[in-house]
Amino acid sequence: MIEPLKDKLIIILLIAALFSTVIGVIQNPSLGWLDGASIFFSVAIIVIVTTINNYAQELKFQKLVAKAAVDYVAVYRGGYGVTKTIPVIELVVGDIYQINQGMRIPADSILLEGIDVQCDESAMTGENESVIKTHVSLQNFQSNPDPFLISKTLVVNGLGKALVCAVGINSRSGMVEEKLNTVTSETPLQKKLGTLGNQLGKIGVICALTIIIAGIGNFIIRRFIDSSIGWFGNEELTSSSLEELTSIVILAITLIVVVVPEGLPLAVTLSFAFSVMKMKKENNLVRNLQSSEIMGGVNEICTDKTGTLTTNQMTIREFYAQEQVYIGRPSNFNQMSISKLIKEGIIYNSNARIEKQDNGELQAFGNRAFTAIRHPEDPNLVRVFCKGAPEVVLKLISKQIDKDGSVTQISTLKKDEINAKIVNETFAKRAFRTIMLAYRDYSFQEFDRIKEQNNNFQSEQDREALENELTLVSIFALQDPLRDEIVQSIKICYQAGVNVRMVTGDNLETAKAIALEAGILRQEDQDDEYACLDGKMFREACGGMTKIETENGLIKEEIVNGEIFKKIAKRLKVLARSTPEDKYMLVTGLRDLGSVVAVTGDGTNDAPALKKADVGFSMGICGTEVAKEASDIILLDDNFASIITALKWGRNIFSNVRKFLQLQIVISAVAGSIVSIASIALPSHSPPINSIEMLWINLLMDTLAALSLATEQPNDHLLDKMPYTRDESIISPFMWRNIFSHSIYQFVILLVILFAGQSMFITIGPYDNGMYLYEDGVPTVKARHFTYLFHTFVMLQLFNQINARKIEPQEMNVFKGIFQNYYFLVLWAISFIFQILLVQFGGQVFKTCPLNIQEHLICIAIGTTSLLFGMNFNLTLLGLFVKKFVPLHWFTRIVIKQEALSDEEEKSSITAMLRKSYRQSVEYQKQQIDNFNKSQSIRVLAKNFRKNQSMSIHAEKLDLKSISMNLGKDRRIDYSQANKDISPTSINSRKLRLLH
Numbered sequence: 001m002i003e004p005l006k007d008k009l010i011i012i013l014l015i016a017a018l019f020s021t022v023i024g025v026i027q028n029p030s031l032g033w034l035d036g037a038s039i040f041f042s043v044a045i046i047v048i049v050t051t052i053n054n055y056a057q058e059l060k061f062q063k064l065v066a067k068a069a070v071d072y073v074a075v076y077r078g079g080y081g082v083t084k085t086i087p088v089i090e091l092v093v094g095d096i097y098q099i100n101q102g103m104r105i106p107a108d109s110i111l112l113e114g115i116d117v118q119c120d121e122s123a124m125t126g127e128n129e130s131v132i133k134t135h136v137s138l139q140n141f142q143s144n145p146d147p148f149l150i151s152k153t154l155v156v157n158g159l160g161k162a163l164v165c166a167v168g169i170n171s172r173s174g175m176v177e178e179k180l181n182t183v184t185s186e187t188p189l190q191k192k193l194g195t196l197g198n199q200l201g202k203i204g205v206i207c208a209l210t211i212i213i214a215g216i217g218n219f220i221i222r223r224f225i226d227s228s229i230g231w232f233g234n235e236e237l238t239s240s241s242l243e244e245l246t247s248i249v250i251l252a253i254t255l256i257v258v259v260v261p262e263g264l265p266l267a268v269t270l271s272f273a274f275s276v277m278k279m280k281k282e283n284n285l286v287r288n289l290q291s292s293e294i295m296g297g298v299n300e301i302c303t304d305k306t307g308t309l310t311t312n313q314m315t316i317r318e319f320y321a322q323e324q325v326y327i328g329r330p331s332n333f334n335q336m337s338i339s340k341l342i343k344e345g346i347i348y349n350s351n352a353r354i355e356k357q358d359n360g361e362l363q364a365f366g367n368r369a370f371t372a373i374r375h376p377e378d379p380n381l382v383r384v385f386c387k388g389a390p391e392v393v394l395k396l397i398s399k400q401i402d403k404d405g406s407v408t409q410i411s412t413l414k415k416d417e418i419n420a421k422i423v424n425e426t427f428a429k430r431a432f433r434t435i436m437l438a439y440r441d442y443s444f445q446e447f448d449r450i451k452e453q454n455n456n457f458q459s460e461q462d463r464e465a466l467e468n469e470l471t472l473v474s475i476f477a478l479q480d481p482l483r484d485e486i487v488q489s490i491k492i493c494y495q496a497g498v499n500v501r502m503v504t505g506d507n508l509e510t511a512k513a514i515a516l517e518a519g520i521l522r523q524e525d526q527d528d529e530y531a532c533l534d535g536k537m538f539r540e541a542c543g544g545m546t547k548i549e550t551e552n553g554l555i556k557e558e559i560v561n562g563e564i565f566k567k568i569a570k571r572l573k574v575l576a577r578s579t580p581e582d583k584y585m586l587v588t589g590l591r592d593l594g595s596v597v598a599v600t601g602d603g604t605n606d607a608p609a610l611k612k613a614d615v616g617f618s619m620g621i622c623g624t625e626v627a628k629e630a631s632d633i634i635l636l637d638d639n640f641a642s643i644i645t646a647l648k649w650g651r652n653i654f655s656n657v658r659k660f661l662q663l664q665i666v667i668s669a670v671a672g673s674i675v676s677i678a679s680i681a682l683p684s685h686s687p688p689i690n691s692i693e694m695l696w697i698n699l700l701m702d703t704l705a706a707l708s709l710a711t712e713q714p715n716d717h718l719l720d721k722m723p724y725t726r727d728e729s730i731i732s733p734f735m736w737r738n739i740f741s742h743s744i745y746q747f748v749i750l751l752v753i754l755f756a757g758q759s760m761f762i763t764i765g766p767y768d769n770g771m772y773l774y775e776d777g778v779p780t781v782k783a784r785h786f787t788y789l790f791h792t793f794v795m796l797q798l799f800n801q802i803n804a805r806k807i808e809p810q811e812m813n814v815f816k817g818i819f820q821n822y823y824f825l826v827l828w829a830i831s832f833i834f835q836i837l838l839v840q841f842g843g844q845v846f847k848t849c850p851l852n853i854q855e856h857l858i859c860i861a862i863g864t865t866s867l868l869f870g871m872n873f874n875l876t877l878l879g880l881f882v883k884k885f886v887p888l889h890w891f892t893r894i895v896i897k898q899e900a901l902s903d904e905e906e907k908s909s910i911t912a913m914l915r916k917s918y919r920q921s922v923e924y925q926k927q928q929i930d931n932f933n934k935s936q937s938i939r940v941l942a943k944n945f946r947k948n949q950s951m952s953i954h955a956e957k958l959d960l961k962s963i964s965m966n967l968g969k970d971r972r973i974d975y976s977q978a979n980k981d982i983s984p985t986s987i988n989s990r991k992l993r994l995l996h
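In UniProt numbering, the protein residues as written are 1 to 996.
Structure representation (structure tokens):
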């Protein structure tokens, strides 16, 4: 309620209303208070309606935030090491939960077990360096390890188990959030609208000054001409003169209120909220409301492949083992000498967990951080299993299993032949994804010796010592088919002026095949040197990235070979075997070229690219919490087609705001012109549209029109044109011509009614008094005349509101789609009915005169001409005249001046309610952690909860079908993880988990 009252114009209007009430009561104690009271009432209605709208939108936003913030965690409940996935909000102190890479810590906790656990605590401490977390044990207690996990921080690496110590408002993040204040920043669209509003406000001030000067001039002239009126008595203004001057000031202020489109912020907020609500139903969960606006201008999409373009349901179609290719499931698989190794390699080389759902079905959950583990089958034998991209693992291979099951040495020539003929020719060119399985046996003594030489395998770099002289087991060819709607979605993107690039960790030949099938790459372009690149070629050509200092002292990242990047950017369609750093470099380069970029990602290491992009899309199904935290929109179905939905709704926001502007500027122009001219030409202190009526127009055409036009549904036509650019004017040349023509048309009609309406429409007789609308509580003929004018003005705007639904030259039918927008129909009908009631029962408060049915029909008929004018603008003589003598290119010169936006402003959130400044409590957090570290009870806690053991799985019970399911699900996750584990340049990603 307080926020609307901060408007300076409203404050001035209230002061003037108070002044008018006092003067009126002095002059006429019985009815003199009506003018001031009616202004108070009108302002109260505006304030209440605005407050209700703001509250409703805030409530809706908070509900959306609550939905976006729902996280889940796997807890150990019920014994036998079985996990159960529950909402974070159900965690209680004493729960033990599973830690995985990419998750957000749900509560203040103590690490009980962990391997390579690192957390990003920048949200709490402001420090960008990841913090290594180590569980407490008798061996390392003296070295003061850090086992404390702070809620809302992010796990960037590792896995383990943790004990919950504090939840909710008792946790670190809960304490901080209680102290936070929300900060609202403007979006680029809001900045444009703010600039436009300021310029319209200046026009309103000019009109207001005109009214004041003309009103005072009339005031003086009439008293010089007619001395009987009197204006000085005993050297003081009479109460009637003072009241007249006050009404002039009130009218001028009210005109500014009407001219300034105060409904613009409401229109933007409503359009955002309505779009976000609809997008949620179409599998787009918007975390950052500003992103729904920016999507309207996106002209580049960098998309992952797995799960986004494809179904993410990988199935083994073929596999290579013992020097031959097997298609489908061999009937004698269980009798093959290699079958046991394949089963073990798949089972032990996975960190997936199986849970029973409420409906009794089994569901697999996977962790993508660990792609190789060592499983000791024999007490005196340590076996290390490894899987990964063939071109990476082949470099570590020294042996193979031949046709008779013997382990033999493999030559470099043979490895090259396998890579060329099996991996690329047989599998990759047929769009199969490939994964190689290998192993090596160590004696227990040899394993211990390597362990001691490599820091007891404390880090993944230490464990790389085990990754050599491996034995090739098999190469699997997995098929992940395209989603049915992808080809059509890609076609729509190109039709909408949006370029699609596929950024994947797949083999280059596999990526090419998928891109061709999806329509991202054309047959004639696949041989272009820059159309399809792998990550290494891309990095070498562009020279990597460097940081430079700008003139204002800021650090900016840019590509070293910018000219080469420009050439690549024009033709690049597929970036294969890419790393997260490659994706980040691509996004940075495209944004530097002026593109508006959307990026998809699901892995922890995708977070920088998601943050850098104008709009970041994370995956709701297979995405990590880190990726979701960095993204603007979450794709709940991991489907590329859902991006088309976001694209359409983003453009619709821009379109709806334009529709409201097209209507509002006509209202401002016509109202300002008529009232200004009337104040100059008419010898009366009673304007044709008084201040109360103007406030009514402001309420009717600002608030209700904003509500109706902001809820317009998107149409397919939105995707038939190019996206709007960063510097595109909010009002197009065609809109300016519409505004110009409608303003002139309405102004002429109202001018005729103003000066000739009495003789044309009024049949009751001459004005009883040319100065006043009411005498002794009875309306004069002049009141009827001005009621005609006011009623006709509102009707013209109501029917022009239907015209405002169309803002493109080719949109001829203004009724198209109107019956799909029930909000528009209902609100328009409410406005129409309330206007009729106001005229009939407004009385002396609104200074209106009741009209009969014939008079109402005349006003309505004149109002409909505005609709007919808009509908037939291209056919009417006036329309032909305007098109001939007022060409469209004239309006291209009309530019709304606006300041250039920085990258940060472009990326700023419309309602940064989720942006919480943890830095305000850094010192407090550090002190609390230090105190907690001093607790001597840690050893007891760690000792008591290290007894959880995982279920054992017997390899002998598995058949090829279960292997296919396990491998498919495991690799589905591995490949989609920012593609790190299959990068030829990153061996470190094939981490080893060592279990005795």
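Note that CB positions come from ideal geometry on N, CA and C, so glycine has one too.
Going straight from the alpha carbon of residue i to that of residue j, what length do you get?
i	j	result
THR51	LYS547	47 Å
residue 1009	ARG591	The first residue shown for the chain is 1 and the last is 996, placing residue 1009 beyond what the model contains.
TYR584	LEU868	53 Å
SER679	ILE665	21 Å
GLU469	TRP649	55 Å
PHE815	MET314	48 Å
LEU18	THR246	10 Å
ASN349	GLY497	44 Å
TYR439	VAL473	7 Å
CYS542	ASP534	12 Å
ASN813	GLY870	10 Å
Quick check on the burial criterion: 16 or more other C-beta atoms within 10 angstroms. Buried or exposed for residue i?
i	result
THR550	exposed
ARG77	exposed
ARG449	exposed
PHE148	buried
THR624	buried
PRO687	buried
PHE432	buried
Could you name the residues of the same chain whose beta carbon sits closer than 6 Å to that of residue i, not counting the 5 residues immediately before and after it, in chain order?
i	result
ALA68	Model confidence at ALA68 stands at a pLDDT of 49, short of 50, so the residue's coordinates are unreliable and nothing is read from them.
ASP614	ILE294, VAL596, VAL597
SER489	PHE640, ALA641, ILE644
What residue does the alpha helix (DSSP H) around residue i start on, and which one ends it?
i	result
GLN445	444–453
residue 997	Any question about residue 997 goes unanswered here, given that the chain covers just 1 to 996.
GLU344	339–348
So residue i and residue j are in contact, right, with Cβ under 8 Å, and what is the actual spacing, rounded?
i	j	result
ILE475	THR510	Rounded, the Cβ-Cβ distance is 13 Å, inconsistent with contact.
LEU309	ALA518	6 Å
GLY296	PHE654	5 Å
Apart from the five residues on each side of it in sequence, which residues of its chain come closer than 8 Å, Cβ to Cβ, to residue i?
i	result
GLY158	ILE99, GLN101, GLY114, ILE115, ASP116, VAL117, GLN118, LYS133, ALA369
ASP525	ALA531, ARG571, LYS573
LEU825	ILE818, PHE819
TYR97	VAL73, ALA74, VAL75, TYR76, LEU91, PRO106, SER109, LYS161, ALA162, VAL164
Mind checking which residues open and close the beta strand (DSSP E) that includes residue i?
i	result
ALA804	Per DSSP, ALA804 belongs to no beta strand (DSSP E) and is neither H nor E.
PHE385	381–388
THR315	315–321
Compare the C-beta of residue i with all C-beta atoms of chain B and state if any pair is closer than 7 Å.
i	result
ILE115	Included in the structure is just one protein chain, with no chain B present.
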